[in-house]
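Some notes on the structure that comes next.
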């Protein structure tokens with residue numbers, strides 16, 4: 013079972029609001045329950061912001077994560093994956109951006125859980141570091 017939520021400033025409890033000022037950080041935590049499985053590595057493969065709760069061909073979208081885990085929003089913003097404490101959790105700091113002004117915006121994510129031993133180059137959680145180009 014997957015868990016997903018907006019978090020407060022230190023990822024300790026759920027956020028009190030789902031509204032964020034432009035430029036502020038939206039902290040997102042996702043996790044997967046291990047239960048009787050071997051340890052699992054949780055990854056965010058794809059993500060978009062959209063103007064619809066259900067993605068449709070006519071949905072206005074803004075790509076956040078593409079290419080099986082690459083945080084493309086970090087090319088133009090302070091967005092980044094935070095260091096992990098557990099392989100079954102992933103923490104994302106997403107800088108609030110201007111998109112669909114005056115409309116509700118919905119975040120859509122595709123999560124996957126893998127056996128860490130079977131990971132290859134196509135399974136990643138990476139972001140761009142501006143200082144390194």
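Residue numbers (the working numbering): 13 to 145. Where a beta carbon is used, it is the ideal one built from N, C-alpha and C, also for glycine.
According to DSSP, residues forming a beta bridge with residue i
i: residue 92; result: 105
i: residue 62; result: 73 and 118
i: residue 19; result: 26 and 39
i: residue 53; result: 126
i: residue 14; result: 44
C-alpha gap between residue i and residue j, whole angstroms
i: residue 127; j: residue 96; result: 16 Å
i: residue 44; j: residue 98; result: 10 Å
i: residue 133; j: residue 64; result: 32 Å
Counted within 10 angstroms of its Cβ, other Cβ atoms place residue i as buried (16 or more) or exposed
i: residue 47; result: exposed
i: residue 17; result: exposed
i: residue 22; result: exposed
Collapsed DSSP secondary structure at residue i in the structure displayed
i: residue 146; result: Nothing can be reported for residue 146, as the shown portion of the chain is limited to 13 through 145.
i: residue 44; result: strand
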